[in-house]
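**Q**
In UniProt numbering, the protein residues as written are 1 to 693.
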């Protein structure tokens, strides 16, 4: 790294302690391995993080007025008094609301949709007092509707303590479950509930227990234990309330076990044996199970089978046949209707089918490119299906479609305060040709009066590209602060997502992972060549696995980006994936590959952001993390920043901010999160100001 000029602040310099790691005859030396401290108490580690925070505060001190302005601007668009759309479940309509400057939501219920007899079941603001971080997991109400079980996390490691509240008296039971995931499902006699215990080291939920009220946790009955550490475990209940589903899911294989919710001594029974490479999950309608699966269907299919024949796959019948060009994304069942979502060429569509007549119709929306999700459809006897709809120019909107007629009713559109007018903005969907000929979809949005397509606008390009997660073209009130200042915002739907179906995902993981990085870079080059952005004013942003993307692209093509923000970045992929004691590692083998296999080791090592930092110029960088992150450990970005400081040959800004209280999701509270957005935007705006001088 070049020496600082006179008067410049000096960046923290980390000590180097060589640590050798040898596998497959290859030895790597990690000078910053010492930064890992699972207890998060090592004085040297804490001191260095504090030094980095102090340095970042100094370097960015002159941007604090802009940060404050952006915070007020973004906060000013948010409705202070707001409520969710009530969802009917049993005798009540459940919703949540927030008032004034409340950071957290209050959960309520009422006997009618209008909420005329509304009562509070949980005030999270009161519970969060005295905690720097506070998060509520799933709220689970007992079948008799008198008891509420919920988990709370005060460390941001997604490890919950479960408590039980009597909704008739407001009193709490003495029962308390420690070390759990957020999933809770009640037994139908209201005397017990099921929960998932987490491994304290890996933080992997792997044991399903039944807890009987009034008994100690030590007396809980083990129902299921997952012995394969490549699997996640989940819990839910069938819509008719008759069965509890235990979900088993790895990257490429999934299955379900059934538990009778009416039997206090029930055991878990596999719905169908797990098979490597076969994914399935189920929903129940009367005596029939509907099975969503990729069995002989690359883009998934929907099948059904009578409960008496579920273990004979030859009896499974197609409900929605497989289609190599169309991906089946989601579905929900009602007494007389099936509603399913598909994606074709990256564009969604939602269809309603009458299960008696077989007649179908599609739901219609206004935008050509949008995102829609089935939501809040908790009852089998609903007469309408609820859909959440949004686009890059349309705030989130809740619709209900009458299942029989298809007539649409808007229940709520999220309000944007201030002078927001959707007609001021334009979205586009373009296809970019990648270096190998693949057509990469890109979603764009800009303010019409600030965009001339002449290559003068700053470009903010976002990407993720892992786990098959599709970053939908959704609305953001925060993003308006970019658009109103002339930015073009782009989502690159790169390989590794499922924007173009399951093959699009398969072509961006394991031994094809580099397609993800190449696609992102090729999109940047094409968008600037087509006039969507100034080649000298391009900013790239990604978080978590998207942070790995950021690390890879700045090693490969640093010259393309003026500034990069990498949030909770997964950058030390080889070392992490070789260490099974690190939370979630073994679950990831089907995503990245297992580096204990030499082929995968060499491929992963060839793109690992940390291992490939070199003596070259890098863009201006903002790196953020949380000390208590349980998904991407704080020491990954910490080591990465130290190595970048050691080797980079430029004087560009590199700042590293660690939230000493937060984890993977960042700060808790609706307004605290805005400060993180304001920091990132101010960092980018400052770079533009410096460039203009």
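Virtual Cβ for every residue (Gly too), placed ideally from N, Cα, C.
Quick caveat, the model's predicted, so the values are computed rather than measured.
Measuring CA to CA, which of 411, 407 and 392 is closest to residue 695?
**A** As displayed, the chain neither begins before 1 nor continues past 693, which places residue 695 out of reach and without an answer.
**Q** Would residue 249 and residue 271 qualify as a contact pair, given that the criterion is a beta-carbon distance under 8 Å?
**A** Walking along the chain shown from the start, residue 249 turns up at place 249. Walking along the chain shown from the start, residue 271 turns up at place 271. For residue 249 and residue 271, no; Cβs fall outside 8 Å.
**Q** Where are the alpha helix (DSSP H) runs, 4 residues long or more, that stay fully inside the stretch 602-683, in chain order?
**A** Segments of the alpha helix (DSSP H) lying fully in the stretch 602-683: 635-647.
**Q** Between the stretch 144-158 and the stretch 180-193, can you find at least three pairs of beta-carbon atoms closer than 8 Å?
**A** Yes, the stretch 180-193 touches the stretch 144-158.
**Q** Is there contact here, the stretch 568-581 with the stretch 623-633, by at least three beta-carbon pairs under 8 Å?
**A** In short, these stretches touch, since the Cβ pair count reaches three.
**Q** Using only the alpha-carbon positions, how far apart do residue 336 and residue 384 sit?
**A** As a working note, residue 336 is residue 336 in the chain shown. As a working note, residue 384 is residue 384 in the chain shown. Taking the straight line joining both Cα atoms gives about 11 Å.
**Q** Does residue 237 pass the burial test, meaning 16 or more other C-beta atoms within 10 Å, or should it be called exposed?
**A** Taking the first residue of the chain shown as 1, we reach residue 237 at position 237. Buried: at least 16 other Cβ atoms inside 10 Å.
**Q** Who are residue 333's beta bridge partners in DSSP?
**A** Within the chain shown, residue 333 is the residue found at index 333, counting from 1. In the DSSP output, where bridge partners are listed per residue, residue 333 has 338.
**Q** Might you give, ordered along the chain, the residues of its own chain that have their beta carbon closer than 7 Å to the beta carbon of residue 556, omitting 5 neighbours on each side?
**A** Numbered from 1 along the chain shown, position 556 holds the residue referred to as residue 556. Cβ neighbours of residue 556 beyond the five flanking positions: 517 and 521.
**Q** Where residue 640 and residue 550 are concerned, what is the direct C-alpha to C-alpha distance, given to the nearest angstrom?
**A** Walking along the chain shown from the start, residue 640 turns up at place 640. Walking along the chain shown from the start, residue 550 turns up at place 550. If I take the Cα positions, the gap works out to 12 Å.
**Q** For the 8 Å Cβ check, are there 3 or more pairs between the stretch 452-467 and the stretch 485-495?
**A** Counting Cβ pairs under 8 Å, three or more are found: they touch.
**Q** When you compare only the Cα positions, how much space is there between residue 22 and residue 600?
**A** Translated into positions along the chain shown, residue 22 becomes position 22. Translated into positions along the chain shown, residue 600 becomes position 600. Using only the alpha carbons, I get a separation of about 15 Å.
**Q** Would you call the CB atoms of residue 96 and residue 133 closer than 8 Å?
**A** The residue labelled residue 96 in the question sits at position 96 within the chain shown. The residue labelled residue 133 in the question sits at position 133 within the chain shown. No.
**Q** Checking 8 Å against the spacing of the C-beta atoms, do residue 224 and residue 266 come in under that value?
**A** Looking up residue 224 in the chain shown gives position 224. Looking up residue 266 in the chain shown gives position 266. Against a cut-off of 8 Å, the Cβ pair of residue 266 and residue 224 comes out as no contact.
**Q** For the putative contact between residue 349 and residue 338, defined by C-beta atoms under 8 Å, what is the C-beta separation to the nearest angstrom?
**A** Residue 349 sits at position 349 when you count from the first residue of the chain shown. Residue 338 sits at position 338 when you count from the first residue of the chain shown. 14 Å between Cβ atoms; not a contact.
**Q** Look at the Cβ atom of residue 619, then the Cβ atom of residue 681, and state whether they are nearer than 8 Å.
**A** Working through the chain shown from its first residue, we reach residue 619 at position 619. Working through the chain shown from its first residue, we reach residue 681 at position 681. No.
**Q** Just how far apart, CA to CA, sit residue 328 and residue 363?
**A** If you number the chain shown from 1, residue 328 lands on position 328. If you number the chain shown from 1, residue 363 lands on position 363. Their backbone Cα atoms lie some 16 Å apart in a straight line.
**Q** On the criterion of 16 or more Cβ atoms from any shown chain inside 10 Å, does residue 666 qualify as buried, or is it exposed?
**A** Reading the chain shown from its first residue, position 666 is the one you call residue 666. In this predicted model, residue 666 has a pLDDT of only 49, less than 50, meaning its place in the structure is not dependable; the value taken from the coordinates is given anyway. The residue in question, residue 666, is buried, as its Cβ has 16 or more Cβ neighbours within 10 Å.
**Q** Opposite residue 248 in the DSSP bridges: which residues?
**A** Within the chain shown, residue 248 is the residue found at index 248, counting from 1. According to DSSP, which records beta bridges pairwise, residue 248 is partnered with 233 and 255.
**Q** Tell me whether residue 441 sits in a helix, a strand or coil according to DSSP, three-state version.
**A** One-based indexing of the chain shown puts residue 441 at position 441. Correct three-state label for residue 441: strand.
**Q** Could you check where the beta strand (DSSP E) with residue 575 kicks off and where it finishes?
**A** On the chain shown, residue 575 is found 575 positions in, with the first residue counted as 1. It is not in any beta strand (DSSP E) - residue 575 instead sits in the alpha helix (DSSP H) that spans 573-577.
**Q** Measure the CB-CB distance between residue 558 and residue 506 and report whether it falls below 8 Å.
**A** As a first step, residue 558 must be located in the chain shown, where it is residue number 558. As a first step, residue 506 must be located in the chain shown, where it is residue number 506. Their beta carbons are not under 8 Å apart, which means residue 558 does not touch residue 506 by this criterion.
**Q** How about the stretch 439-450 and the stretch 37-57: do they share at least three Cβ pairs that are nearer than 8 Å?
**A** No contact exists between the stretch 439-450 and the stretch 37-57.
**Q** Helix, strand or coil: how does DSSP classify residue 555 here?
**A** Here residue 555 is taken as the residue at index 555 of the chain shown, counted from 1. DSSP places residue 555 in helix when its eight states are reduced to three.
**Q** According to DSSP, which residues form a beta bridge with residue 288?
**A** For the purposes of this step, residue 288 is taken as residue 288 along the chain shown, with counting starting at 1. DSSP output for residue 288 lists 285 and 306 as bridge partner(s).
**Q** Compute the distance between the beta-carbons of residue 146 and residue 167, then report whether it is under 8 Å.
**A** What you label residue 146 is simply residue 146 of the chain shown in a count that begins at 1. What you label residue 167 is simply residue 167 of the chain shown in a count that begins at 1. Yes, the pair counts as a contact, with Cβ atoms nearer than the cut-off.
**Q** Does DSSP classify residue 475 as helix, strand or coil?
**A** In the chain shown, the residue the question calls residue 475 occupies position 475. If DSSP states are grouped into helix, strand and coil, residue 475 belongs with coil.
**Q** Name the DSSP bridge partner or partners of residue 207?
**A** The residue labelled residue 207 in the question sits at position 207 within the chain shown. DSSP lists 197 and 225 as partners of residue 207.
**Q** Are the CB atoms of residue 656 and residue 64 nearer to each other than 8 Å?
**A** Here residue 656 corresponds to residue number 656 of the chain shown, with the count starting at 1. Here residue 64 corresponds to residue number 64 of the chain shown, with the count starting at 1. Not closer than 8 Å, so no.
**Q** Helix, strand or coil for residue 494 per DSSP?
**A** Here residue 494 refers to the residue found at position 494 of the chain shown. Correct three-state label for residue 494: coil.
**Q** Once the 5 residues before and after residue 694 are set aside, which same chain residues still bring their CB inside 6 Å of it?
**A** Residue coverage of the chain in this structure runs from 1 to 693, which leaves residue 694 outside it and unanswerable.
**Q** In three-state terms, what does DSSP make of residue 122?
**A** Here residue 122 corresponds to residue number 122 of the chain shown, with the count starting at 1. Note: residue 122 maps to strand in three-state DSSP.
**Q** According to DSSP, is residue 77 helix, strand or coil?
**A** The sequence position of residue 77 within the chain shown is 77, counting from 1. In the structure shown, residue 77 sits in coil (DSSP, three-state: anything other than H, G, I, E or B).
**Q** Could you pull the start and end residues of the beta strand (DSSP E) that residue 521 belongs to?
**A** The residue labelled residue 521 in the question sits at position 521 within the chain shown. From DSSP, residue 521 is part of no beta strand (DSSP E) but of the alpha helix (DSSP H) over 514-529.
**Q** Among 651, 676 and 605, whose alpha-carbon lies nearest the alpha-carbon of residue 27?
**A** On the chain shown, position 27 is the one that residue 27 refers to. Answer by Cα proximity: 605.
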